[in-house]
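First to last, the sequence lines map onto chains A and B. Using this note's numbering, the letters of the first sequence correspond one by one to residues 1 to 298. Using this note's numbering, the letters of the second sequence correspond one by one to residues 1 to 298.
2 protein chains.
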Amino acid sequence: MPEGLRIGFIGLGIMGQPMAGHLLRAGYPLSVYSRTKTKATPLLDEGATWRDTPADVARDVDLLITIVTDTLDVEEVLFGLNGAAASLRSGSCVVDMTTIRPDATRVLAQKLAEQGVTLLDAPVTGGDVGAREATLTIMAGGDADAFERVRPVLEKLGRRVVHVGPSGSGQTLKACNQILCAVNMIGVCEALTVAQRAELDLTQAIETLASGAGGSWALANLGPKIANRDLAPAFMIKLIQKDLRISQDTADQLGIPLPGTALAQQLFRAVEAQAGGAELGTQAMIRAIQNLAGECAK
Amino acid sequence: MPEGLRIGFIGLGIMGQPMAGHLLRAGYPLSVYSRTKTKATPLLDEGATWRDTPADVARDVDLLITIVTDTLDVEEVLFGLNGAAASLRSGSCVVDMTTIRPDATRVLAQKLAEQGVTLLDAPVTGGDVGAREATLTIMAGGDADAFERVRPVLEKLGRRVVHVGPSGSGQTLKACNQILCAVNMIGVCEALTVAQRAELDLTQAIETLASGAGGSWALANLGPKIANRDLAPAFMIKLIQKDLRISQDTADQLGIPLPGTALAQQLFRAVEAQAGGAELGTQAMIRAIQNLAGECAK
């Protein structure tokens, strides 16, 4: 697609807002819609155009990017009342960057294909920091030619932009990614609970362990937050729980038991059972392990 | 300690042999003992001196390094028949780099202290590759002054050499490290089983996931072996199982349930139940997940 292509952007949350900003600053004409209009204000100040509905955003764009919350939200934005599908022109492309069910994205892709529109599933990993710094990993499924045409746009948003297979493949790989994030967090919380109660210096312990065979992104990035008792969300527990349900449903369809992922879900649920727990960051799983160990978190 | 200090080295297995080699090439006079004398041959060719018993190695050395298999082996080497303790001179230092129980190393340190000998517990992480390339992470517990005196020697063996606290602290941190290695492996095996059955390109999936928030040493280093069906040991399942028993015993003494570690132990046990399984590398946990998913490994 040419540099001058017109982009529509739906979903201006913690991820979408900085991502839309990168596209705007890269010079793409951008029209935007979000459930909460105030979230668009900084983008409108930078030259984006507000549209009142998904259908209005979709009109006259070459590429529509959606990054909302869950499967139902993507279905609503595309095929609900004033949905984008009604006004997407044949030959245009939709890139859905929301984390949703692989089977659902395949159904949506088929429905859009009937009107000559290509849907790519392109969920991301790297969190809010990755969105702000344009260092996301973007894993895309769907038509390879369409992917190559939108790749220059996606490369404004992420450092690693990969086509991983046919429709649904991006979502399947994202489901795998969430398994890793969740299970790695169990290890971090168990190891740091032992280290803490054994009165090791937690900061030094994390630095030392992160350099060895036990190292992980979770340990290096969320371990220090645990050491500093900072449970504020980079990624909320209620959102990883949503994603893990997708991982389990996907594995269920494939006939694969996931006992580690199941354990992570239960430990996250124990944190959700506490007031405000669902809105804490995933590192708050430490509370579940500490509670098991007899230290009731307030 | 001066450069000319005399070092004794006990245990020339997959880790000890290359480590002793580094010390020899760094110019330290080195006497060695191992249960299997043939393992010493390459070192003797390079100038090391063979001794027939631990007691003989310990005579006249300033520093004795031990890296054997398990708690009982360290106890035997130090205090068994012809054990090193009988001939260690007052003022000398023992650095035990075996992974053993934190409580056991504290007892050994106390016994050696009675004869004026300092014991540091200094287990390592980084595997056989780390031993060969001298890139190990070494986590030491015990007297801080003694640690500073032997630090130059340890820095010939590892890239990150850290004093983490009083006697036993090195072993406690190693117990935490093994929790991370084991639990991270669950995530890797669950994620890759989903990716494989969903017919994603496994090599590309690993590269993509390793760059994101699900990344870990286990995924980056052992994931490709799983993709290549290479289950040969860098670190054998029977050895991590030994280490995880130490992790669980340590956590038990601290009153901390470790459900994720327990799950890893059970999955490793499922692999051990297969002929030859105990001698495979830790990445062979993939067999347990695949068997759960109905793909019986031969």
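Beta carbons are placed, not taken as given, at the ideal position from N, Cα and C, and that holds for glycine.
Just checking: is the beta-carbon of S31 of chain A within a distance shorter than 7 angstroms of some beta-carbon in chain B? Taking Cβ atoms only, chain B never reaches closer than 7 angstroms to S31 of chain A, which makes this a no.
Note down, one range per segment and in chain order, each alpha helix (DSSP H) of at least 4 residues found wholly within the segment 145-226 of chain B. Listed in chain order, they are 169-197 and 202-210.
Just to make sure I have the definition right: I need the residues of chain A whose C-beta is within less than 8 angstroms of the C-beta of A293 of chain B. Which are they? Per Cβ cutoff of 8 angstroms: L254, G255, I256 and P257.
In the structure shown, what three-state DSSP assignment does V94 of chain A receive? DSSP places V94 of chain A in the strand class (E or B) of the three-state scheme.
Comparing the C-beta of A198 of chain A with each C-beta of chain B, is any distance below 7 angstroms? It does; some Cβ of chain B falls within 7 angstroms.
Given that a residue counts as buried once 16 or more other Cβ atoms are within 10 Å of its Cβ, and exposed if not, what is V129 of chain A? V129 of chain A comes out exposed.
Could you work out which residue in A:I289, A:A293, A:G281 and A:A20 is closest to L154 of chain A when comparing CA atoms only? Nearest of A:I289, A:A293, A:G281 and A:A20 to L154 of chain A, Cα basis: A:A20.
Label A144 of chain A either buried or exposed according to how many other C-beta atoms from any shown protein chain fall within 10 Å of its C-beta, with 16 as the threshold for buried. Exposed is the label assigned to A144 of chain A, since fewer than 16 other Cβ atoms lie within 10 Å of its Cβ.
So D62 of chain A and R6 of chain A are supposed to be a Cβ contact under 8 angstroms. How far apart are they, rounded? Contact between D62 of chain A and R6 of chain A holds: their C-beta atoms lie close to 5 angstroms from each other, under 8 angstroms.
CB contact check: A275 of chain B to chain A, cutoff 7 angstroms: The Cβ of A275 of chain B sits no closer than 7 angstroms to any Cβ of chain A.
Please look up how many angstroms separate the CB atoms of A218 of chain B and M185 of chain B, rounded, as I've assumed it's under 8 angstroms. At roughly 5 angstroms, the Cβ-Cβ gap stays under 8 angstroms, so A218 of chain B and M185 of chain B are in contact.
Just the C-alpha distance for I14 of chain B and V95 of chain A, rounded to the nearest angstrom, thanks. Approximately 51 angstroms, taken between the alpha carbons.
Opening and closing residue of the alpha helix (DSSP H) in which L5 of chain A lies: From DSSP, L5 of chain A is part of no alpha helix (DSSP H); its letter is neither H nor E.
Would you list the one or two residues that DSSP bridges to V74 of chain B? V74 of chain B is not bridged to any residue.
Let me see if you follow: with CB-CB separation under 7 angstroms, is M97 of chain A close to chain B or not? The beta carbon of M97 of chain A does not come within 7 angstroms of any beta carbon belonging to chain B, so the residue lies off that interface.
Note down the Cα distance separating T137 of chain B from A278 of chain A, rounded to an integer number of angstroms. About 37 angstroms.
By alpha-carbon positions, which one of A:P224, A:Q171 and A:G158 ends up nearest to S211 of chain B? With distances taken between Cα atoms, S211 of chain B lies closest to A:G158.
Three Cβ pairs or more, each shorter than 8 angstroms: is that satisfied between the segment 194-202 of chain B and the segment 232-245 of chain A? No contact exists between the segment 194-202 of chain B and the segment 232-245 of chain A.
For A122 of chain A, I'd like the list of residues in its chain whose CB is within less than 6 angstroms of its CB, leaving aside the five on either flank, ordered along the chain. Correct list, in chain order: V95, M97, I138, A140 and G170.
Between the C-alpha atoms of L30 of chain A and L258 of chain A, what's the straight-line distance to the nearest angstrom? Approximately 42 angstroms between the Cα atoms of the pair.
Minimum length 4: unbroken alpha helix (DSSP H) runs contained in the segment 4-45 of chain A: The segment 4-45 of chain A contains these whole alpha helix (DSSP H) runs: 16-25 and 41-45.
CB of I100 of chain B within 7 angstroms of CB of T71 of chain B, strictly: Remark: C-beta atoms of I100 of chain B and T71 of chain B approach each other more closely than 7 angstroms.
Kindly identify the DSSP beta-bridge partner or partners of A252 of chain B. The amino acid occupying residue 252 of chain B in the given sequence is Asp; Ala does not appear at that position. For D252 of chain B, no pairing in a beta bridge is given by DSSP.
Going by beta-carbon coordinates alone, are I226 of chain A and I289 of chain A separated by less than 7 angstroms? At least 7 angstroms separates the beta-carbon of I226 of chain A from that of I289 of chain A.
What residues in the segment 116-137 of chain B have a beta carbon less than 9 angstroms from any beta carbon of chain A? Interface annotation for the segment 116-137 of chain B against chain A: V124, T125, G126, G127, G130, L136 and T137, criterion Cβ-Cβ distance under 9 angstroms.
Buried or exposed (CB count within 10 angstroms, at least 16 for buried), K37 of chain A: Counting the other CB atoms within 10 Å of its CB gives K37 of chain A a total below 16, which places it among the exposed residues.
Find out if the Cβ-Cβ distance for the pair G91 of chain B, L120 of chain B is shorter than 7 angstroms. No; because the gap between Cβ atoms is not below 7 angstroms, this pair is not in contact.
Check whether the Cβ of A220 of chain A lies closer than 7 angstroms to any Cβ atom in chain B. For A220 of chain A, the answer is no, since every Cβ of chain B falls outside 7 angstroms of its Cβ.
In the DSSP assignment, the alpha helix (DSSP H) including L231 of chain A goes from what residue to what residue? In the DSSP annotation of this structure, L231 of chain A is not part of any alpha helix (DSSP H), being labelled neither H nor E.
Taking only the alpha-carbon atoms, compute the straight-line gap between A40 of chain B and Q178 of chain B and give it to the nearest angstrom. For A40 of chain B and Q178 of chain B, the distance between alpha carbons rounds to 29 angstroms.
At least one CB of chain A closer than 7 angstroms to the CB of I179 of chain B: is that the case? Answer yes: the Cβ-Cβ gap between I179 of chain B and chain A drops below 7 angstroms somewhere.
4 or more residues per run - each alpha helix (DSSP H) lying fully within the segment 241-295 of chain A: The qualifying runs are 259-272 and 285-292.
Would you mind sorting G27 of chain B into buried or exposed? The rule is 16 or more other CB atoms within 10 Å of its CB. Classification for G27 of chain B: exposed.
Do we get a CB-CB distance below 7 angstroms when we pair V77 of chain A with the residues of chain B? By this cut-off, V77 of chain A is not an interface position.
Alpha carbon of T49 of chain A to alpha carbon of H22 of chain A, nearest angstrom: Roughly 15 angstroms separates the two Cα atoms.
So the alpha helix (DSSP H) G47 of chain B belongs to, where does it begin and stop? Counting along the chain, G47 of chain B falls outside any alpha helix (DSSP H), and DSSP gives it neither H nor E.
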